[in-house]
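Residue numbers (this note's numbering): -5 to 517.
Shown next, in the form of structure tokens:
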């Protein structure tokens, strides 16, 4: 028996030429599609950059100004140091940004947990056409058509399915990514600690400068009035020409130098409240409403730490910069595990239910299940290069850790030296101020008995104000040096559960308790 030639007449189906109407319908449909494509493409190419309008910019400015100080607790009486710190931690925008970063990292961690869950997908669709799908069959032996044209589907079909799939390899990778996201939360928390400590240190400096201004400005205003009065008298003496012209001119020059120094002090002290107001996020112009609780001068009781080795160890364990590097190294180590997992073949398990409205089907509802595996062999070739990259990143982080370790140890020693120096400066400044005050008082007594000139009294009074200013300055520097030592050691006074909704008074109490506890820890 002769075998049929399979290369000839593979589909011997008698077909009639399509009617002219069908050709016309298809041509019209093609023209409609081409027109739609041209319209959509033309609109896409016609997109131009549109700048913001003036109204939109004004709306943004108005909204930002309203949000800047929204929901802030009002000032209730004089503000002490710890309330200023609490307000800075709650309302300072830099501190709030870092707190938002931590919240964002926590949200991303929560989101990464969902990546470990299986994929549950629901699909529904409608398929239609203008005629029935169909086909014919051909005998492989004879090459002849063995069936009439037939169809097994309707023209319009609605279908839906609900499938659950789980990739084992993706689950392992998602677990590692979730662990890395958890480390990112800890990194954000350490960065928040670092920024908060810097904000607290800035508040401490600005607060003591503002306190110094509160103490000195009243005396400085009286002194300025006295200088103006003396200038008027000197000008009168010069106009009356009762003595040599050189004498009143020299006296006037001394007074002007004194007035220039007073104006310089005014400029420096008047900006102290502005800086403190900015740190605690008071609206510009409301610094006049900021009243400070001026503390009594404390005795110079700062005690230096006794064991430097203990301070160094504590700093190397607690500094946020070093902890951030530790967490980054742990993230990098988990990246090495992820690279190994990616070399393995993946296994995808799937189960689901299906529905179709096609009446030609024997079963319109059915369940389907499958298990598939795939293996990207190119990942095997990529692994050596990726492993080298991960190893190089670990070396970089290790080197950064060593550099920061040396820097932290140096900061501890420098901070201890600054505390010791500040303690001596406070003692010297206190003695100098007391001595200068006695001289000023004796000069005033001598002036009242006409033994000394008004110029001498004025000069000693200015020297007394300068000594008081220096005394306040070195006291502030001593407090700042102590705070810098705490920051260098990593002993912050921040509560561990700091929250944005926490009240100012409660936070101030926690900061006061944390400050006392930190001072005890360093003894």
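A virtual CB, placed ideally from N, CA and C, is assigned to each residue, including glycine.
Reference residue i, options the options, closest by Cα
| i | options | result |
| --- | --- | --- |
| residue 489 | 511, 325, 159 and 385 | 511 |
| residue 437 | 450, 397 and 427 | 450 |
| residue 405 | 480, 286 and 272 | 480 |
| residue 180 | 103, 244, 227 and 144 | 103 |
| residue 427 | 468, 336, 346 and 500 | 468 |
| residue 132 | 226, 199 and 142 | 142 |
| residue 328 | 194, 170 and 127 | 170 |
| residue 527 | 387, 475, 77 and 381 | Past the edges of the chain, shown from -5 to 517, lies residue 527, and the structure says nothing about it. |
| residue 377 | 114, 333, 279 and 113 | 333 |
| residue 112 | 166, 27 and 360 | 166 |
| residue 152 | 60, 262 and 353 | 353 |
| residue 108 | 187, 219, 140 and 172 | 172 |
| residue 349 | 273, 374 and 157 | 157 |
| residue 407 | 508, 422, 73 and 308 | 308 |
| residue 116 | 52, 443, 84 and 159 | 159 |
Burial state of residue i (16 or more Cβ within 10 Å)
| i | result |
| --- | --- |
| residue 210 | buried |
| residue 229 | exposed |
| residue 15 | Its pLDDT being 45, under 50, residue 15 is placed unreliably in this model, and the value from its coordinates should be taken loosely. With fewer than 16 Cβ atoms within 10 Å of its Cβ, residue 15 is classed as exposed. |
| residue 96 | buried |
| residue 183 | buried |
| residue 302 | exposed |
| residue 286 | buried |
| residue 214 | buried |
| residue 138 | exposed |
| residue 313 | buried |
| residue 400 | exposed |
| residue 81 | buried |
| residue 360 | exposed |
| residue 463 | buried |
| residue 379 | exposed |
| residue 129 | exposed |
Same chain only: Cβ atoms within 7 Å of residue i, ignoring 5 sequence neighbours per side
| i | result |
| --- | --- |
| residue 203 | 266 and 470 |
| residue 430 | 457, 458 and 461 |
| residue 283 | 69 |
| residue 248 | 449 |
| residue 122 | 149 and 150 |
| residue 94 | none |
| residue 260 | 214 |
| residue 331 | 170 |
Residue i to residue j span [Cα, whole Å]
| i | j | result |
| --- | --- | --- |
| residue 389 | residue 323 | 9 Å |
| residue 54 | residue 48 | 10 Å |
| residue 101 | residue 175 | 10 Å |
| residue 92 | residue 189 | 7 Å |
| residue 17 | residue 163 | Residue confidence for residue 17 is low, a pLDDT of 47 falling below 50, so the modelled location carries little weight; the figure read from the coordinates is stated next. Taking the straight line from one Cα to the other gives about 52 Å. |
| residue 465 | residue 424 | 6 Å |
| residue 154 | residue 146 | 18 Å |
| residue 357 | residue 125 | 23 Å |
| residue 245 | residue 264 | 28 Å |
| residue 90 | residue 278 | 19 Å |
| residue 486 | residue 200 | 19 Å |
| residue 67 | residue 218 | 37 Å |
| residue 496 | residue 347 | 51 Å |
| residue 321 | residue 355 | 58 Å |
| residue 482 | residue 195 | 12 Å |
| residue 433 | residue 454 | 7 Å |
| residue 60 | residue 393 | 46 Å |
| residue 208 | residue 288 | 7 Å |
| residue 64 | residue 191 | 24 Å |
| residue 276 | residue 509 | 24 Å |
| residue 87 | residue 290 | 31 Å |
Cβ-based neighbour list, residue i, same chain, cut-off 8 Å, excluding 5 preceding and 5 following
| i | result |
| --- | --- |
| residue 366 | 341, 342 and 344 |
| residue 222 | 253 |
| residue 27 | none |
Proximity test, Cβ basis, 9 Å: residue i and chain B
| i | result |
| --- | --- |
| residue 350 | Note that chain B does not occur in the displayed structure, where there is just one protein chain. |
Cut-off 6 Å between Cβ atoms - residues of its own chain near residue i, not counting five sequence neighbours on either side
| i | result |
| --- | --- |
| residue 316 | 398 |
| residue 268 | 281 |
| residue 225 | 249 |
| residue 178 | 99 |
| residue 369 | 339 |
| residue 120 | 152 |
| residue 79 | 194, 197 and 505 |
| residue 477 | 195 and 198 |
| residue 336 | 373 |
heavy atom of the ligand ATP below 8 Å from residue i C-beta
| i | result |
| --- | --- |
| residue 317 | As far as ligands go, the structure on display features none, and thus does not contain the ligand ATP. |
Could you pull out every unbroken alpha helix (DSSP H) segment of at least 4 residues lying fully inside the stretch 280 to 348, listed in chain order?
302 to 312 and 314 to 336
Quick check on the DSSP output: what are the complete beta strand (DSSP E) runs of length 3 or more inside the stretch 159 to 217, in order along the chain?
none
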